[in-house]
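Visitor: The opening position of the sequence shown corresponds to residue 8 in our numbering, with each subsequent residue numbered one higher.
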Amino acid sequence: MSIPRATYDPRRVFRFSLPKFEVGPKTRSIGTYLSGGLFALSYFLLFDAATLSAHAKPPSDAPHDVVPVHMTFVDWIPAICSTLGFLVVSLLDKSHLASAFSGDTWGGDGPAAWRARVVLFIGVALMAGGLAGSLTVLILKYIIPDYTGYIYYGGANVGMNGGIMISAMVLWVSQSGSDEYEYQLTV
């Protein structure tokens, strides 16, 4: 199956175009607040698990034993990666990406578009690495040694990183539409 030459652009990566999300100012503000709330809820999960870990008591049937596992810096590394990725993706100027994907000859494949793509890749890779790291910590630190009473620490870490990724997606979609103060100049 071949694509007709009229719709084919050799600079495109996919055969189909990405859907355009036209959001109004009200939807834009709702999405921004929803993203911020999800970000805060995600960090609350991690802080809750860290607080529970810091104040963990040994089981009541063996009061002189020590608590087998606590949250350490290893548990915080995926959170730091996901947060840095969120900041990189959120601070990216989306107009460079919009001009690169629109097929506009003025925006084209200039150096700004390539830099924006690289920065976007680094941000998404940091968030994905944070989620993969939290899953690794959950499996290696809590599930394999069979600390069933302490799996919440690792689960909260995974939930936090997943929440930050979803928060970044909600923020990206809500701010991908045209700005209400943007001027459209046509000749």
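Glycine is no exception: its CB is placed at the ideal position from the N, C-alpha and C atoms.
According to DSSP, is ASP82 helix, strand or coil?
Guide: helix
Visitor: Along the chain, where does the alpha helix (DSSP H) containing VAL74 start, and where does it finish?
Guide: Run containing VAL74: none; DSSP gives neither H nor E here.
Visitor: Rounded to a whole number of angstroms, what is the C-alpha to C-alpha distance between MET78 and GLY117?
Guide: Approximately 46 angstroms between the Cα atoms of the pair.
Visitor: Could you tell me whether the Cβ atoms of MET176 and TYR50 are closer together than 8 angstroms?
Guide: no
Visitor: State the DSSP-derived secondary structure class of PRO32, mapped to helix, strand or coil.
Guide: helix
Visitor: Quick one: measure Cβ to Cβ for VAL144 and ASP82, integer angstroms, because I've assumed they're closer than 8 angstroms.
Guide: 6 angstroms
Visitor: Can you list, in chain order, the residues of its chain whose CB lies under 7 angstroms from that of ILE146, leaving out five sequence neighbours each side?
Guide: none
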